[in-house]
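Below is one structure, written out as structure tokens; comments come after it.
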Amino acid sequence: MKSYTRILVVMGIIVGLVYLFRTFVAAPADFPAPYQLTIERGQTLFSISHELVDAHVIKSPRLFEMFMIAFGSERNVSEGEYYFVSPLSSLSIALRISCKQFGIERVKVTFPEGFTAKQMGERLATSFTGFDTTLFMTLAKGQEGYLFPDTYRFFPSATPDVIVTTLKHNFDIKINTLREEITSSGRSEKDLIIMASIIEKEAAGEEDRAMISGILWKRLDQGIALQVDAPFLYILSKESKELTTKDLAINSPYNTYKHTGLPPTAIGNPGLAAITAAIHPSDSPYLYYLHDTEGNIHYAKTYAEHKKNIANYLR
Numbered sequence: 003m004k005s006y007t008r009i010l011v012v013m014g015i016i017v018g019l020v021y022l023f024r025t026f027v028a029a030p031a032d033f034p035a036p037y038q039l040t041i042e043r044g045q046t047l048f049s050i051s052h053e054l055v056d057a058h059v060i061k062s063p064r065l066f067e068m069f070m071i072a073f074g075s076e077r078n079v080s081e082g083e084y085y086f087v088s089p090l091s092s093l094s095i096a097l098r099i100s101c102k103q104f105g106i107e108r109v110k111v112t113f114p115e116g117f118t119a120k121q122m123g124e125r126l127a128t129s130f131t132g133f134d135t136t137l138f139m140t141l142a143k144g145q146e147g148y149l150f151p152d153t154y155r156f157f158p159s160a161t162p163d164v165i166v167t168t169l170k171h172n173f174d175i176k177i178n179t180l181r182e183e184i185t186s187s188g189r190s191e192k193d194l195i196i197m198a199s200i201i202e203k204e205a206a207g208e209e210d211r212a213m214i215s216g217i218l219w220k221r222l223d224q225g226i227a228l229q230v231d232a233p234f235l236y237i238l239s240k241e242s243k244e245l246t247t248k249d250l251a252i253n254s255p256y257n258t259y260k261h262t263g264l265p266p267t268a269i270g271n272p273g274l275a276a277i278t279a280a281i282h283p284s285d286s287p288y289l290y291y292l293h294d295t296e297g298n299i300h301y302a303k304t305y306a307e308h309k310k311n312i313a314n315y316l317r
């Protein structure tokens, strides 16, 4: 009799659990598969659970919230787009969100150091079908230098505003690691970013970055024109070897042969190494440098030495 009673109790528990699962945990019969859930940054668990209930994705918001809390995601819900091909229980959905299992392949886009906003827009146009490059450029206007070059993984539905915000947010994260060094440098963040964008184009490696940084800051401090070719690539899309005498005389604030001081904006988006070089220039006796036809850099202390380098390496 005791065994029979025990069996009944166990069966009752099983039936009860099945009932609870089907009633509260299992996917609703009208689950709208496939279903895409977009979780915004800072969105609360409460709003997510009620959004899912309203969409007939889960049955019980409280039970879903309990699962999320059990998985440690009550205060830090992972933002992004979650794609559910078929109906899932609220337990499975909570697990997917907590483990950042988006269920959709993201688009990998790499922006090399020094890429301009225009180049970024062109690359995005080849990565996303129907990408609005014009809107991207409108949103990126005035942000040159602050769109951090890196490898990103965007959702297929990423819009220009989301991408620009992501690039700027990444810049803020990176630059915050250098905040004390920027303050100690005695120079403004804007000037440092502009200088870093020039260094990114002019230097060939880590040692050259710091050396060129020191030379260019020295020229600025002494009121000598920078006389660098990199800005012409930005405004005319011309490499140094393509520049003509007429190009060098163009009346543009980016013409560092005609005007002293820094260009009005960055000429690209520098990476962390170039920004660090701008903050920490190398002290040297040099005041001039040039690139030979193979890309090697030759330094000179005086203009006379610089002219010799020109004769030896560029003619």
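Count along the sequence shown starting at 1, add 2, and that's the number in our numbering.
Glycine is no exception: its CB is placed at the ideal position from the N, C-alpha and C atoms.
Taking the beta strand (DSSP E) that residue i belongs to, which residues open and close that run?
i   : result
L39 : Y37 to I41
E83 : G82 to F86
So which of the options has the shortest CA-CA distance to residue i?
i    : options                   : result
K243 : P287, V230 and K120       : V230
Q38  : T46, A28 and H58          : H58
D193 : Y291, A29, R125 and P266  : P266
I50  : H308, M70, Q145 and P36   : M70
H171 : G147, E204 and S62        : G147
E107 : Y85, L245 and K176        : Y85
L316 : I299, K303 and T304       : I299
G2   : V166, D134 and G132       : In the structure as shown, the chain starts at 3 and stops at 317, and residue 2 therefore has no counterpart that could be examined.
S88  : I196, K61 and P36         : P36
L2   : I60, L93, I217 and F133   : The structure shown has nothing for residue 2, since the chain only spans 3 to 317.
V55  : R43, A28 and G225         : A28
S215 : L289, E182, D174 and R181 : L289
S254 : T40, M122 and F234        : F234
D174 : S159, S286 and I195       : I195
S286 : T135, M122, F133 and A212 : A212
I281 : F157, T262 and R181       : R181
R221 : E209, P283 and E208       : P283
S159 : F133, Q224, F138 and T179 : F133
Taking DSSP as the reference, what is the three-state secondary structure of residue i?
i    : result
F133 : coil
H52  : helix
V230 : coil
F113 : coil
R155 : strand
I299 : strand
E209 : helix
F138 : helix
I237 : helix
V59  : coil
R108 : coil
E146 : coil
K120 : helix
Could you check where the alpha helix (DSSP H) with residue i kicks off and where it finishes?
i    : result
F69  : P63 to A72
E202 : E191 to E204
L292 : Counting along the chain, L292 falls outside any alpha helix (DSSP H), though it belongs to the beta strand (DSSP E) covering Y290 to H293.
Y315 : Y305 to Y315
H171 : P162 to N178
E183 : R181 to S187
R98  : S92 to S100
I277 : L274 to I281
F250 : It should be pointed out that residue 250 corresponds to Leu in this sequence rather than to Phe. Looking at the DSSP string, the run of the alpha helix (DSSP H) that includes L250 is T247 to L250.
Rounded to whole angstroms, what's the CA-CA distance from residue i to residue j? Just pull it up for me.
i    : j    : result
K240 : A232 : 9 Å
G74  : A279 : 41 Å
I252 : A268 : 19 Å
E124 : L47  : 37 Å
E296 : A142 : 34 Å
F23  : L169 : Unreliable placement is indicated for F23, whose pLDDT of 46 sits below 50; the coordinate value is still reported in the next sentence. The alpha-carbon atoms of F23 and L169 are separated by roughly 43 Å.
L65  : S187 : 54 Å
R98  : S91  : 11 Å
A302 : L228 : 14 Å
K176 : P30  : 44 Å
T140 : T128 : 18 Å
R77  : F104 : 19 Å
F33  : F117 : 45 Å
G270 : Y236 : 8 Å
L10  : H52  : Summary for L10: the model assigns pLDDT 47, below 50, so the residue's position carries little reliability, and this model does not support an answer.
L264 : T247 : 21 Å
T161 : S80  : 19 Å
E191 : P63  : 47 Å
Q45  : I60  : 18 Å
I184 : C101 : 37 Å
K310 : T304 : 10 Å
H308 : D249 : 22 Å
L245 : R189 : 31 Å
Does at least one heavy atom of the ligand SAH sit under 7 Å from the Cβ of residue i?
i    : result
G188 : With respect to the ligand SAH, the structure offers nothing, as it holds no ligand at all.
Next on the checklist: Below 8 Å, how does it come out for the segment 94-112 and the segment 151-164: are there three or more Cβ pairs, yes or no?
Outcome noted: Judged by Cβ distances under 8 Å, the segment 94-112 makes contact with the segment 151-164, as three or more pairs qualify.
Item to check | Contact between the segment 189-206 and the segment 272-286 (3+ Cβ pairs under 8 Å) | outcome: yes
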